[in-house]
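Numbering (the numbering used here), first residue to last: 528 to 1182.
To start, the structure itself, in structure tokens.
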Amino acid sequence: MTLPERQLANAIRALAMDAVQAANSGHPGMPMGMADVATVLYSDYLKFDPVDPKWADRDRFVLSAGHGSMLAYATLHLAGYARPTIGDIRNFRQLHSPCAGHPENFELEGVETTTGPLGQGLATSVGMAIAERHLNAIYGDDLVDHRTWVIAGDGCLMEGINHEAIGLAGHLGLGRLTVLWDDNKITIDGSTDLSTSEDIPARYAATGWHVESCDGHDPADIRRAIDAALADPRPSLIACRTIIGFGAPNKQGTSATHGAPLGADEIAAARMELGWTAEPFVIPADIASAWAAFGEKGKKLHAEWNDRLANSDKKTEFSDRIAGQIVPGDAFKTYLDGLVAEPPKVATRKASENTLGALTADIAALVGGSADLTGSNNTKTSSTKPLTKDDYSGRYIYYGIREFGMAAAMNGMALHGGVVPYGGTFLVFADYCRAAIRLSALQQQRVVYVMTHDSIGLGEDGPTHQPIEHLQSLRAMPNLLVLRPADAVETAECWALALAQESRPSLLALTRQNLPPLRHDVTENLCLKGGYRLRDASAARKVVLVATGSEVSLAIEVADKLEAAGHGVDVVSMVSTELFDEQTAAYQADILPDDALIVSIEAGTTFGWERYTGRHGLRFGIDSFGASAPIEDLFKHFGLTADAITPQILAKLGN
528 MTLPERQLAN
538 AIRALAMDAV
548 QAANSGHPGM
558 PMGMADVATV
568 LYSDYLKFDP
578 VDPKWADRDR
588 FVLSAGHGSM
598 LAYATLHLAG
608 YARPTIGDIR
618 NFRQLHSPCA
628 GHPENFELEG
638 VETTTGPLGQ
648 GLATSVGMAI
658 AERHLNAIYG
668 DDLVDHRTWV
678 IAGDGCLMEG
688 INHEAIGLAG
698 HLGLGRLTVL
708 WDDNKITIDG
718 STDLSTSEDI
728 PARYAATGWH
738 VESCDGHDPA
748 DIRRAIDAAL
758 ADPRPSLIAC
768 RTIIGFGAPN
778 KQGTSATHGA
788 PLGADEIAAA
798 RMELGWTAEP
808 FVIPADIASA
818 WAAFGEKGKK
828 LHAEWNDRLA
838 NSDKKTEFSD
848 RIAGQIVPGD
858 AFKTYLDGLV
868 AEPPKVATRK
878 ASENTLGALT
888 ADIAALVGGS
898 ADLTGSNNTK
908 TSSTKPLTKD
918 DYSGRYIYYG
928 IREFGMAAAM
938 NGMALHGGVV
948 PYGGTFLVFA
958 DYCRAAIRLS
968 ALQQQRVVYV
978 MTHDSIGLGE
988 DGPTHQPIEH
998 LQSLRAMPNL
1008 LVLRPADAVE
1018 TAECWALALA
1028 QESRPSLLAL
1038 TRQNLPPLRH
1048 DVTENLCLKG
1058 GYRLRDASAA
1068 RKVVLVATGS
1078 EVSLAIEVAD
1088 KLEAAGHGVD
1098 VVSMVSTELF
1108 DEQTAAYQAD
1118 ILPDDALIVS
1128 IEAGTTFGWE
1138 RYTGRHGLRF
1148 GIDSFGASAP
1158 IEDLFKHFGL
1168 TADAITPQIL
1178 AKLGN
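In structure tokens form, the structure reads like this:
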């Protein structure tokens, strides 16, 4: 006997009620409201194999409204994934349970992306859809032919990143992307009438999306709307009119169900209202069997896909790309050798462009872009033609002035697999995309941020464009590798390091101004240590100058003056504090010995450098906003010259 779909959806509602109640924390309203939509999606549309959650050609499902995490946990469990188990769900929001308060991609294989910060799930899905179309253009329908589905709430559609994301998706014509909007007209504060009166469907239509609406509690109408979306070549928004907390007779339709347990009495009333007689955390056998059947279709599709892959002449290449196996090749080696033969005096942004020229020739998986600063970030190469809605095989994305949207889309591409994304903007605009950078780090994704104009060295554009606190604030972010190279060789080494990071993002901070060559050998990647001795003291060492980026050449000038005065000076290039901190205590003590005066030089805030200089060391930097002037005038004004620094070190030494 075929079970009524409402009973299948009620399994989601029951698990959501019970888990939130047991945790005394959570959001039952959204899972209860969208249970019917999720049931239809899993039963008839979503392509998945619960036995292999990482199958390359599965559909991607993103719960952008991550506060409703119990919707994801309930559907994964019901659909037959190994985890979460009922035990995991019983421990919802408890320490060490994979059922965290918001879905985390590293906790459960069936969770495609970490969500919670509203809007970012939807924006990340745009990157997934880009990756799918790009790989489809290369490998064809036999190997890449899937869709990206999103459940989003009112908050996801209100956040500013939504504007950036849907504009990019519409422009690129990502017709494999479908957003199911939980149109329940409720936020934490109450009715959406309190805060918004915009015409959301009109906004989506204006950006090139197809728009549908449906009764989110009528399976037939949900199917009609989804079928219409699938038939349209544009990305689609489906406004699913729902009742938040559906089934809770005294609280449904109100913000009371949004972010708090329903309470024992209301849960009992909801069970009666829904006709759900099972005990808490118990799924009746017939309902469990019906849900398990949804995954059987996916298993069959997966088996057919495996046969196509086995018979494809691109099997090894495709499998390696999905696995993220990338290695710089002959073009990169030839480029490194050229740096030694003819050391260039160039800005590190130009050195990055030259490095990328070799890397993009070697590595087809590299897909780049810039937030409307291509000519400034130097992120496009001869190997990266534009990726457009007319040619998805391209490897360069013009993101427009959408820094946040770009960063979130890059997360989506990395999470999808088969693509290693990099994208550029000015370092000061890390503020615009910081929330997505944080999710890159939290999700352990190989995303490369190319951030140029890394100091007052950008000159006349002034304090609005001159980063001061940015390097240190980014270094404070867990699992983000910040790299600030000092010349062309270090820049090439930093790119190699960034691409080798399989479980963390990297950020390259690069100069606008030209820098002299400092390294003249490439036999070993010295940047791997994070900080290394670039120049040894010629006399008994008294001072260690620690500098980054453009200030390393300044440190060399200071060292020359100090040594002329009879003081031995080591110069350390601190390319990455993160990598340096990962070295052994013995290595760190050798580079920064206790018997020397440690001096830091960086054209940014001095905050945090006392970790290396100690309380009695010296720190040269800028602890105010910048100014608008030519580069040379700015460095002189802020005391970042050899003539200004040397006397202060001599005074500290007692001379």
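In this text, a Cβ means the ideal position worked out from N, Cα and C, and glycines have one as well.
These figures come from a predicted structure and were not determined experimentally.
Quick check on DSSP: helix, strand or coil for Phe1165?
coil
Is it buried or exposed, Val1071, if we count other Cβ atoms within 10 angstroms and call 16 or more buried?
buried
Beta-carbon proximity of Gln1028 to Leu1007, cut-off 7 Å
no
Is the stretch 705-723 touching the stretch 673-690 in the sense that three or more CB pairs, one from each, lie closer than 8 Å?
yes
So, under 8 Å CB-CB, Tyr926 and Ala898 are touching, yes? Tell me the CB distance rounded to an integer number of Å.
5 Å
Consider the Cβ of Lys1088: report whether some Cβ of chain B lies at a distance smaller than 7 Å.
In the structure shown, chain B cannot be found, because there is only a single protein chain.
Does Asp842 come out as helix, strand or coil in the three-state DSSP assignment?
At residue 842 the sequence reads Lys, which differs from the Asp that was named. Three-state result, Lys842: helix.
When you compare only the Cα positions, how much space is there between Tyr949 and Ala538?
42 Å
Can you give me the C-alpha to C-alpha distance between Ile928 and Ala550, rounded to a whole angstrom?
42 Å
Helix, strand or coil at Cys1021 according to DSSP, with G and I counted as helix:
helix
Closest residue to Lys574 among Lys826, Ala874 and Ile749 (Cα-Cα distance):
Lys826
Unbroken beta strand (DSSP E) run spanning Trp676, endpoints
Thr675 to Ala679
Inter-residue CB distance, Ile771 and His785 (contact presumed, cutoff 8 Å):
7 Å
Since Asp615 is in the alpha helix (DSSP H), which residue starts that stretch and which ends it?
Ile613 to Arg617
Looking at C-beta atoms only, is the number of pairs between the stretch 892-910 and the stretch 1059-1067 that lie closer than 8 Å three or more?
no
Taking 7 Å as the cut-off, decide whether the C-beta atoms of Ile849 and Ala583 are in contact.
yes
Beta-carbon separation of Asp759 and His744 under 7 Å?
no
So is Ile613 buried or exposed if we call it buried at 16+ other beta carbons inside 10 Å?
exposed
Cα-Cα separation, Ala796 to Asp545
13 Å
Whole-angstrom C-beta distance between Leu942 and Gln971, which should lie under 8 Å
Not really, about 10 Å apart at Cβ, beyond 8 Å.
Just how far apart, CA to CA, sit Phe619 and Ser596?
10 Å
State yes or no: is the C-beta of Arg1011 within less than 7 Å of the C-beta of Gly1076?
yes
Rounded distance between the beta-carbons of Val567 and Pro746, thought under 8 Å:
5 Å
Best match in Asp720, Ser570, Pro611 and Leu883 for proximity to Arg750 [C-alpha to C-alpha]
Ser570
Opposing strand residues paired with Thr1210 [DSSP bridges]
There is simply no residue 1210 to check, as the chain begins at 528 and stops at 1182 in what is shown.
Where Glu639 and Ser816 are concerned, what is the direct C-alpha to C-alpha distance, given to the nearest angstrom?
25 Å
When you compare the CB positions of Gln993 and Phe1134, do they come within less than 7 Å of one another, or not?
no
Going residue by residue through the stretch 831-876, where are the continuous alpha helix (DSSP H) segments of at least 4 residues, counting only ones entirely within it?
842-849 and 857-868
Rounded to a whole number of angstroms, what is the C-alpha to C-alpha distance between Ile890 and Met559?
46 Å
Put Ala819 into one of helix, strand or coil per three-state DSSP.
helix
Just confirm the distance between the C-beta atoms of Gly643 and His629, as a whole number of angstroms; I'd bet it's less than 8 Å.
3 Å
Between Ser1127 and Glu1017, which are expected to be in contact by the criterion C-beta below 8 Å, what is the C-beta distance as a whole number of angstroms?
Contact flag wrong, Cβ pair sits at about 18 Å.
With DSSP collapsed to three states, give me the class of Met655.
helix
What's the gap between the Cα of Leu695 and the Cα of Gly951?
16 Å
Skipping 5 residues on each side, what residues in its chain have a beta carbon closer than 7 Å to that of Val671?
Asp584, Glu659, Leu662 and Asn663
Taking the straight line between their C-alpha atoms, what separation do you get for Ser846 and Ala892?
12 Å
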